[in-house]
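Notes to accompany the following structure.
Number of protein chains: 4
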Amino acid sequence: MPENTTAGGKREEIIEIASRLFYEQGYGATGIKQIIDEAAIAKGTFYTHFRSKEELGLAWLRARHAQWGGWFEEATNHLKTSAQKILKAFSFLEEWISGANFRGCAFINTMAETPDADSSMRNEVARHKTSLLETFQDLAIDHFKAAGLTTAAARQKGTAIYLLFEGSLVEAQNFNDTWPIQTARKEVKAMLKAANST
Amino acid sequence: MPENTTAGGKREEIIEIASRLFYEQGYGATGIKQIIDEAAIAKGTFYTHFRSKEELGLAWLRARHAQWGGWFEEATNHLKTSAQKILKAFSFLEEWISGANFRGCAFINTMAETPDADSSMRNEVARHKTSLLETFQDLAIDHFKAAGLTTAAARQKGTAIYLLFEGSLVEAQNFNDTWPIQTARKEVKAMLKAANST
Amino acid sequence: MPENTTAGGKREEIIEIASRLFYEQGYGATGIKQIIDEAAIAKGTFYTHFRSKEELGLAWLRARHAQWGGWFEEATNHLKTSAQKILKAFSFLEEWISGANFRGCAFINTMAETPDADSSMRNEVARHKTSLLETFQDLAIDHFKAAGLTTAAARQKGTAIYLLFEGSLVEAQNFNDTWPIQTARKEVKAMLKAANST
Amino acid sequence: MPENTTAGGKREEIIEIASRLFYEQGYGATGIKQIIDEAAIAKGTFYTHFRSKEELGLAWLRARHAQWGGWFEEATNHLKTSAQKILKAFSFLEEWISGANFRGCAFINTMAETPDADSSMRNEVARHKTSLLETFQDLAIDHFKAAGLTTAAARQKGTAIYLLFEGSLVEAQNFNDTWPIQTARKEVKAMLKAANST
DNA sequence: AATGAATGAGCCTTCATTCAT
DNA sequence: CATGAATGAAGGCTCATTCAT
Numbered sequence: 083m084p085e086n087t088t089a090g091g092k093r094e095e096i097i098e099i100a101s102r103l104f105y106e107q108g109y110g111a112t113g114i115k116q117i118i119d120e121a122a123i124a125k126g127t128f129y130t131h132f133r134s135k136e137e138l139g140l141a142w143l144r145a146r147h148a149q150w151g152g153w154f155e156e157a158t159n160h161l162k163t164s165a166q167k168i169l170k171a172f173s174f175l176e177e178w179i180s181g182a183n184f185r186g187c188a189f190i191n192t193m194a195e196t197p198d199a200d201s202s203m204r205n206e207v208a209r210h211k212t213s214l215l216e217t218f219q220d221l222a223i224d225h226f227k228a229a230g231l232t233t234a235a236a237r238q239k240g241t242a243i244y245l246l247f248e249g250s251l252v253e254a255q256n257f258n259d260t261w262p263i264q265t266a267r268k269e270v271k272a273m274l275k276a277a278n279s280t
Numbered sequence: 083m084p085e086n087t088t089a090g091g092k093r094e095e096i097i098e099i100a101s102r103l104f105y106e107q108g109y110g111a112t113g114i115k116q117i118i119d120e121a122a123i124a125k126g127t128f129y130t131h132f133r134s135k136e137e138l139g140l141a142w143l144r145a146r147h148a149q150w151g152g153w154f155e156e157a158t159n160h161l162k163t164s165a166q167k168i169l170k171a172f173s174f175l176e177e178w179i180s181g182a183n184f185r186g187c188a189f190i191n192t193m194a195e196t197p198d199a200d201s202s203m204r205n206e207v208a209r210h211k212t213s214l215l216e217t218f219q220d221l222a223i224d225h226f227k228a229a230g231l232t233t234a235a236a237r238q239k240g241t242a243i244y245l246l247f248e249g250s251l252v253e254a255q256n257f258n259d260t261w262p263i264q265t266a267r268k269e270v271k272a273m274l275k276a277a278n279s280t
Numbered sequence: 083m084p085e086n087t088t089a090g091g092k093r094e095e096i097i098e099i100a101s102r103l104f105y106e107q108g109y110g111a112t113g114i115k116q117i118i119d120e121a122a123i124a125k126g127t128f129y130t131h132f133r134s135k136e137e138l139g140l141a142w143l144r145a146r147h148a149q150w151g152g153w154f155e156e157a158t159n160h161l162k163t164s165a166q167k168i169l170k171a172f173s174f175l176e177e178w179i180s181g182a183n184f185r186g187c188a189f190i191n192t193m194a195e196t197p198d199a200d201s202s203m204r205n206e207v208a209r210h211k212t213s214l215l216e217t218f219q220d221l222a223i224d225h226f227k228a229a230g231l232t233t234a235a236a237r238q239k240g241t242a243i244y245l246l247f248e249g250s251l252v253e254a255q256n257f258n259d260t261w262p263i264q265t266a267r268k269e270v271k272a273m274l275k276a277a278n279s280t
Numbered sequence: 083m084p085e086n087t088t089a090g091g092k093r094e095e096i097i098e099i100a101s102r103l104f105y106e107q108g109y110g111a112t113g114i115k116q117i118i119d120e121a122a123i124a125k126g127t128f129y130t131h132f133r134s135k136e137e138l139g140l141a142w143l144r145a146r147h148a149q150w151g152g153w154f155e156e157a158t159n160h161l162k163t164s165a166q167k168i169l170k171a172f173s174f175l176e177e178w179i180s181g182a183n184f185r186g187c188a189f190i191n192t193m194a195e196t197p198d199a200d201s202s203m204r205n206e207v208a209r210h211k212t213s214l215l216e217t218f219q220d221l222a223i224d225h226f227k228a229a230g231l232t233t234a235a236a237r238q239k240g241t242a243i244y245l246l247f248e249g250s251l252v253e254a255q256n257f258n259d260t261w262p263i264q265t266a267r268k269e270v271k272a273m274l275k276a277a278n279s280t
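In order, the protein sequence lines correspond to chains A, B, C and D. Be aware that the first sequence starts at 83, since it is given in this note's numbering, and climbs by one per residue. Be aware that the second sequence starts at 83, since it is given in this note's numbering, and climbs by one per residue. Be aware that the third sequence starts at 83, since it is given in this note's numbering, and climbs by one per residue. Be aware that the fourth sequence starts at 83, since it is given in this note's numbering, and climbs by one per residue.
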């Protein structure tokens, strides 16, 4: 009876529903009740799948991290140069924003409402952002070293690009507009070019 | 009638207490009860001074906006060049972080936990950030026009600096470290110099 | 308008209702919901009067302690000798048991279901029992010193009487019968007499 | 078929774990979940071995009754006189208290938190206490008849000793100290002697 | 102005038990 | 014989706000 290939998929279903709600309303503003109502399960059933709300929160962030990794890989793996990949990240961001229900970065939003920097949620956020930072740094090292910069200088450029990426993401959310991303992309493009002309 | 210079002093006192709590714990995570307990007033007294929690939230953001403006003015008014003032913004940020209880930017945090972009809180955030953006743009226009850039190009530079500022602010909070600010400051310094050498 | 002499008596009303429920069902087995339902008040109203369920539990024990003290005083103040007062305590106990809804000693029951000996509830229990112990000791000292015993020996007798009292109270509850109290009373009577004949 | 001497060994294991938890935390305060977690079995497995939590509670009390019987037998079977055996009961109690995790008498605690005197748990408690009462009565009859008392008078002494035993047990728990047992033992010793000197 | 009692929906979590696999 | 998903009532407690005094 392979008709139900999502056997045991209830946990995933809960994560999926919660992901949408956590992202759109915020982690703290979303109650367990709404999640189980939308999932059409009993209170107790939720707690057979998750030890606590926080565990669901962690599952959400981990799923989102994997999702972003997949998206970015898919969007960039056909591109040849690191410079193209870097710029694609910003284009991708812009496309995303244009889609429905843009509420900024789930990780930054979660960090913003979680004061305790040592909490497991905050650690998950930091892990994701470290990964993103390293992605930009690796691409930047590849690009800028070819232009004659030292590894350290190239990594510093990657970090700066990361900060522009993060800043534009937050400000796109704040102003509910894509201009911060376009501006950041332009600046990054200039940075990439300047290196080539050195 | 200057005999009672503390008229409405209770209102300010509530704002002061709430400011600390909203900033340290987050707006949503802070309850009215804690505020009135720390202010040692009755529930009803709170509502004679504020129509709602949201109104207190707005008062908090407005007070914080004024406070930041004062801090920045005080920190930069003795500086001669726009470039110095721009760099001072980053230095100031770094000093602030080193102080106790750094929890990032109150405005960004509030935005992150407030989904409705049309709400009064979000409007207050946008107003503050617009002001900050314009500050950087004005300084950049002053600096980069002298270096031969068009107004539009100079403003674009100012916007990029703003995005680096915002990005470094968020990431300093995320990583609980000053390196994002130092990196951003270095990049901005390079941008300012590059213009001069053009 | 002195027609409502129980103004602000809502707190007392809650204690009264809770006292009955805590005693009959046990502290742990009684939920806040049942208390507020019987008091016909909202959840939140309960918490304007009591910080927590435990605070209500403490209020219950304190009220019960005062009540017992009043009962015992009333039952014994017309008696002349300490021996009579001691024996009256047992008679009183027996009468009480014959009344409806005897569920043993509220303090012992509470102690039995409260493992943490340092908790405030347990401290309240200990305070009450210390008071009762001292009552028996004082009466015993008065009685037995007249019979020639040393203060220490007399106090030891009082303590033994206390232990018989407690034991008979618990066993009356256990066997749902008055015989433990009658037996204890007989034994105490013999102890009191033996001293006189010494 | 002695080949599988651990048949039903899992049932005993559950009882052992539950015994510790029920005793230390109380029957009502201990959830099935904690028991199955510590036993490392599934929810369903628990219910294949026990019809209900109450059935496990009964098994616990029965095991404890047997255990106490064994302890007392072992502690007293080498003693020659009934008086020695009676006093040994108190000494034994004192030693036990000094051990770790003393939480009073499991039976009294269970009675205290079980209002329904006709429940199976309460019946089990009563059965145990009746057995203990008879033990003291039999020993007392043996001792006091030799001293010239009637059977009825001797049994009454045994009952009084039982009440002192129970009282001291409860108060040792209440005050978290051994003095109630020492006092009770002293009083019992006097009772036993007085009879001899009659 | 200031008080604090009153509201009732909501918070996250645990409860003992059943049942299909 | 063992598993663990499913149930839904109940656990104690907090929420922002209103209102009579």
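Beta carbons: idealized from backbone N, C-alpha and C, even for Gly. These numbers were taken from a predicted model, which means no experiment stands behind them.
Same chain only: Cβ atoms within 7 angstroms of residue i, ignoring 5 sequence neighbours per side
| i | result |
| --- | --- |
| alanine 254(B) | Ile179, Thr260, Pro262, Ile263 |
| methionine 193(D) | Arg204, Val207 |
| alanine 236(A) | Ala222, Ile223, Phe226, Lys227 |
| proline 84(D) | Unreliable placement is indicated for proline 84(D), whose pLDDT of 43 sits below 50; the coordinate value is still reported in the next sentence. Excluding residues within five positions, none has a Cβ falling inside 7 angstroms. |
| threonine 112(B) | Leu103, Phe104 |
Residue i, enclosing alpha helix (DSSP H) - first and last residue
| i | result |
| --- | --- |
| alanine 222(A) | 202-228 |
| serine 101(B) | 91-107 |
| serine 134(B) | Note, serine 134(B): premise wrong, no alpha helix (DSSP H); not H, not E. |
| phenylalanine 189(B) | 188-194 |
| leucine 251(D) | 233-257 |
| alanine 165(B) | 164-180 |
| aspartate 119(A) | 114-121 |
Chain-order list of residues whose beta-carbon lies under 8 angstroms from that of residue i (same chain, five-residue window excluded)
| i | result |
| --- | --- |
| arginine 209(B) | His147 |
| isoleucine 114(B) | Lys125, Phe128, Lys135 |
Own chain partners of residue i with C-beta closer than 6 angstroms, once the 5 adjacent residues on each side are dropped
| i | result |
| --- | --- |
| leucine 245(C) | none |
| phenylalanine 128(B) | Ile118 |
| serine 250(A) | Pro262, Ile263, Ala266 |
| glycine 187(D) | It is cysteine, not glycine, that sits at residue 187(D) in the sequence shown. Taken in chain order, the residues that qualify are Leu251. |
| asparagine 86(D) | With a pLDDT of 42 at asparagine 86(D), under the threshold of 50, the predicted position of this residue should be treated as unreliable, and no value is reported. |
| threonine 88(A) | Confidence at threonine 88(A) is low in this model, with a pLDDT of 46, below 50, so its placement is unreliable and no value can be given for it. |
| glutamate 94(C) | none |
(Q) Whether or not the segment 206-226 of chain A and the segment 154-168 of chain A are in contact is what I'm after, with contact meaning three or more pairs of Cβ atoms, one per stretch, closer than 8 angstroms; do they touch? (A) With a cut-off of 8 angstroms on Cβ pairs, the segment 154-168 of chain A is in contact with the segment 206-226 of chain A, counting three or more such pairs.
(Q) By the 7 angstroms beta-carbon criterion, what residues does the segment 194-222 of chain B contribute toward chain A? (A) Per Cβ criterion, the list reads Ala194, Glu195, Pro197, Ala199, Val207, Ala208, Lys211.
(Q) I'd like to know if the segment 178-197 of chain D and the segment 239-259 of chain D are in contact, where contact means that at least 3 CB-CB pairs between them fall below 8 angstroms. (A) With three or more CB-CB distances shorter than 8 angstroms, the segment 178-197 of chain D counts as touching the segment 239-259 of chain D.
(Q) By the 7 angstroms beta-carbon criterion, what residues does the segment 128-148 of chain A contribute toward chain B? (A) Residues: none.
Q: Give, in chain order, every residue of the segment 159-170 of chain B whose Cβ lies closer than 8 angstroms to some Cβ of chain A.
A: Answer in chain order: no residues at all.
Q. Using a Cβ cut-off of 8 angstroms, which residues of the segment 99-130 of chain A contact any Cβ in chain B, in chain order?
A. Among the residues of the segment 99-130 of chain A, those with a Cβ less than 8 angstroms away from any Cβ of chain B are Glu106, Gln107, Gly108, Gly110, Ala111, in the order of the chain.
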